[in-house]
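These notes are about the structure you will find just below.
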Amino acid sequence: MPLTVESLSRFGHLHGRLTLPGGAVSVCGGLAIRMSDGTDWLNLYLPMGALTRTDPRIGGFPFGDDGGPSSLSWRAPLDGWLADVGAQVYREVDFRRAIIGFETDDAEIAAADGAVPERRSFGYLSPCDGELRYHLANV
């Protein structure tokens with residue numbers, strides 16, 4: 001079943017599989033969340049346990065030596081692919097921001113106050129002057 005507004009409305013939380021950029025298949029999930037302020041979030045997620053089976057570099061991310069900047073070697077291509085997914089969504093539905101990363105941190109997002117932080121542990125997709133710009137994670 002495709003991840004669509006109709007399927008989310010009908011079933012709520014969807015589970016499935018997708019093919020990652022390197023050809024590995026991972027389980028995934030998708031759900032829409034309406035916040036108390038009326039803001040809608042669309043989540044596409046890949047469980048870390050499933051991702052770990054697709055690439056040994058992931059290891060124990062985000063903990064210990066497997067976290068931090070060294071993880072950018074495998075995160076950057078995956079995040080870029082997720083940014084492409086976000087761009088496809090944006091062609092259908094305008095949004096103010098998309099955030100790409102592990103358990104996105106509301107504190108970092110709130111501190112940014114609409115701007116993209118200079119040092120960021122997440123990737124950001126932000127519309128600007130009619131274009132969607134991707135700012136990759138850098139820490």
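Quick note: the sequence shown uses the working numbering, first residue 1, plus one each step.
Ideal placement from N, C-alpha and C gives every residue a C-beta, glycine not left out.
Open item on the list: Is the beta carbon of residue 32 closer than 8 Å to that of residue 160?
Closed with: Since the first residue shown for the chain is 1 and the last is 139, residue 160 is missing from the structure and cannot be characterised.
Task: Three-state class that DSSP yields for residue 20 in the structure shown - done: Here residue 20 refers to the residue found at position 20 when the sequence shown is read from its first residue. Looking at residue 20 - three-state DSSP - the assignment turns out to be coil, as it is neither helix nor strand.
Task: Length of the line joining the Cα atoms of residue 122 and residue 96 - done: For the purposes of this step, residue 122 is taken as the residue at position 122 of the sequence shown. For the purposes of this step, residue 96 is taken as the residue at position 96 of the sequence shown. If you take the alpha carbons of residue 122 and residue 96, they lie about 16 Å apart.
Open item on the list: Quick check on the DSSP output: the beta strand (DSSP E) that includes residue 44 runs from which residue to which?
Closed with: The count along the sequence shown starts at 1 and reaches residue 44 at position 44. Unbroken beta strand (DSSP E) run through residue 44: 40-45.
Open item on the list: Out of 61, 9 and 35, which one is the CA nearest neighbour of residue 103?
Closed with: Indexing the sequence shown from 1 puts residue 103 at position 103. For residue 103, the nearest C-alpha among the options comes from 61.
Task: CA nearest to the CA of residue 34, picked from 77, 86, 48 and 43 - done: Within the sequence shown, numbered from 1, the residue matching residue 34 stands at position 34. Measuring from the Cα of residue 34, the nearest candidate turns out to be 43.
Task: 8 Å contact criterion, which residue 72 and residue 100 should meet: CB distance rounded - done: To locate residue 72, count along the sequence shown from 1; it is residue 72. To locate residue 100, count along the sequence shown from 1; it is residue 100. Going by Cβ atoms, the distance from residue 72 to residue 100 rounds to 13 Å, so no, they are not a contact pair.
- [ ] Counting only runs of 3+ residues fully inside the stretch 77-133, write out the beta strand (DSSP E) ranges in chain order.
- [x] 98-100 and 123-128
Task: 6 Å Cβ shell around residue 8 - same chain, five flanking residues per side excluded - done: As a working mapping, residue 8 is identified with position 8 in the sequence shown. Contacts found: 32.
- [ ] Take residue 18 as the anchor and find which of 27, 11, 12 and 10 has the nearest alpha-carbon.
- [x] What you label residue 18 is simply residue 18 of the sequence shown in a count that begins at 1. Per the Cα distances, 27.
- [ ] Label residue 57 either buried or exposed according to how many other C-beta atoms from any shown protein chain fall within 10 Å of its C-beta, with 16 as the threshold for buried.
- [x] Here residue 57 refers to the residue found at position 57 of the sequence shown. Residue 57 comes out exposed.
TODO: Measure the C-alpha to C-alpha separation of residue 84 and residue 2 and round it to an integer number of angstroms.
DONE: For the purposes of this step, residue 84 is identified with residue 84 of the sequence shown, where counting begins at 1. For the purposes of this step, residue 2 is identified with residue 2 of the sequence shown, where counting begins at 1. Using only the alpha carbons, I get a separation of about 17 Å.
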